[in-house]
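Below is one structure, written out as structure tokens, with a few remarks after it.
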Amino acid sequence: MFDKALTLIKKSKNILVFTGAGISTGSGILDFRSENGLYSLLSKNTDLPYPEAIFDIQYFKKNPKPFFSLAKNMLEQHAKPTNCHKLLAELEKRNQISLVLTQNIDMLHQAAGSKKVLECHGSFMSAHCLDCHSAHELKDYKQKVLADSIPYCNCGGIIKPDITFFGESLPSAFYDLVNNPPETDLVLILGSSLNVQPAAGFALEMAMKVPSILVNLAATPYDNAISLVYRKDLEDFAEYILRDNLIT
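Per the working numbering, the sequence shown runs over residues 117 to 364.
Okay, structure coming up:
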């Protein structure tokens, strides 16, 4: 089923990986835009003017409670890496990965053992005060969130995790990547609808230059731009690659 993808992966030495929410659904984490995804569930939340408001910086400044309720749920999940996460970590051990660029904030790539990771939308690992801009670590504010409270800095400002909200710029490391992309001989896109810019745009630009593979359950607007497209389950893909003597 994935023979052509297997052949490309085996011969590649500098794979640029781009991952979206679909790679983590096997861990029990909701994606965003599917029929049963996070935004669909949030549309039933009457506290929000619209689902995406939970990640809108202006709304957050006025009412951070919905976001921290979601953050509490995410931090309580104790999600484990999927076989797909483990596959990427193993490929890195074999010196085949140039970079894993992820839109996810769940830190599962690192949990699986990947080190060459750029979280273009940030993560919970670090945070900053919205008022005095002092830096905080997850351990500094996690217990407050788990207690269903809003974490405040000593100055009285809200401590916001370093997750990129709508209305905020992506981390400078992402733009450094755009200006100085790594050597790449294969682009592997996993679990992304390719709708969220500018990160998806960078992945597509790189995919135009070298062979590319897309594995995603739903069609994307850019399927025609990709060398190999599989509308398949990511765990099936990972298990196939792992089983076929790539990882022993």
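For every residue, glycine included, the Cβ atom is placed at its ideal position computed from N, Cα and C.
Being a predicted model, the structure only gives us computed values, none of them experimental.
Next on the checklist: Please classify residue 316 as buried or exposed, where buried requires at least 16 other C-beta atoms within 10 Å of its C-beta.
Outcome noted: Taking the sequence shown and counting its residues from 1, the one referred to as residue 316 is at position 200. So residue 316 counts as buried.
Checklist entry - Which ranges does the beta strand (DSSP E) cover as unbroken runs of at least 3 residues, wholly within the segment 217 to 294, from first to last along the chain? => result 233 to 235, 238 to 245, 251 to 253, 275 to 279
Checklist entry - Per DSSP, which one or two residues make a beta bridge with residue 175? => result Stepping through the sequence shown from its first residue, residue 175 is reached at position 59. Its beta-bridge partners do not exist; DSSP assigns none.
Checklist entry - Out of curiosity, what's the CA-to-CA distance linking residue 347 and residue 308? => result Within the sequence shown, residue 347 is the residue found at index 231, counting from 1. Within the sequence shown, residue 308 is the residue found at index 192, counting from 1. Going from the Cα of residue 347 to the Cα of residue 308 covers about 11 Å.
Checklist entry - Per DSSP, residue 213 forms a beta bridge with which residues? => result Residue 213 sits at position 97 when you count from the first residue of the sequence shown. Partner(s): 131.
Checklist entry - Assuming residue 294 and residue 318 make a contact with CB atoms under 8 Å, what is their CB distance in whole Å? => result Locating residue 294 in the sequence shown gives position 178, where the first residue counts as 1. Locating residue 318 in the sequence shown gives position 202, where the first residue counts as 1. Yes, residue 294 and residue 318 are in contact; Cβ-Cβ is about 6 Å, under 8 Å.
Checklist entry - Ordered along the chain, which non-local residues of its own chain (more than five positions away) have a Cβ less than 6 Å from that of residue 136? => result Residue mapping note: residue 136 aligns to position 20 of the sequence shown, counting from 1. 219, 307, 308.
Item to check | Meets three-Cβ-pair contact criterion under 8 Å: the segment 209 to 226 and the segment 174 to 186 | outcome: no
Next on the checklist: Could you check whether residue 242 and residue 365 sit closer than 9 Å to each other, using their CB atoms as the reference points?
Outcome noted: A question about residue 365 goes unanswered here, because the residues of the chain that appear run from 117 up to 364.
Next on the checklist: I need the boundaries of the alpha helix (DSSP H) containing residue 333, first residue and last residue.
Outcome noted: Here residue 333 refers to the residue found at position 217 of the sequence shown. That residue, residue 333, is in no alpha helix (DSSP H); it is neither H nor E in DSSP.
Item to check | Collapsed DSSP secondary structure at residue 346 in the structure displayed | outcome: Here residue 346 refers to the residue found at position 230 when the sequence shown is read from its first residue. Looking at residue 346 - three-state DSSP - the assignment turns out to be strand.
Checklist entry - From which residue to which residue does the alpha helix (DSSP H) around residue 164 run? => result One-based indexing of the sequence shown puts residue 164 at position 48. Counting along the chain, residue 164 falls outside any alpha helix (DSSP H), and DSSP gives it neither H nor E.
Checklist entry - Is the number of C-beta pairs between the segment 163 to 182 and the segment 195 to 202 that are closer than 8 Å three or more? => result Contact between the segment 163 to 182 and the segment 195 to 202 is absent, because fewer than three Cβ pairs lie under 8 Å.
Checklist entry - Under 9 Å, do residue 222 and residue 239 count as touching if we go by C-beta distance? => result On the sequence shown, residue 222 is found 106 positions in, with the first residue counted as 1. On the sequence shown, residue 239 is found 123 positions in, with the first residue counted as 1. Cβ distance < 9 Å, so residue 222 and residue 239 count as in contact.
Checklist entry - Can residue 297 and residue 132 be called in contact, C-beta distance under 9 Å? => result Translated into positions along the sequence shown, residue 297 becomes position 181. Translated into positions along the sequence shown, residue 132 becomes position 16. Pairing residue 297 with residue 132 gives a Cβ-Cβ distance under 9 Å.
Item to check | Beta bridge counterpart(s) of residue 203 as assigned by DSSP | outcome: Indexing the sequence shown from 1 puts residue 203 at position 87. None, per the DSSP bridge assignment.
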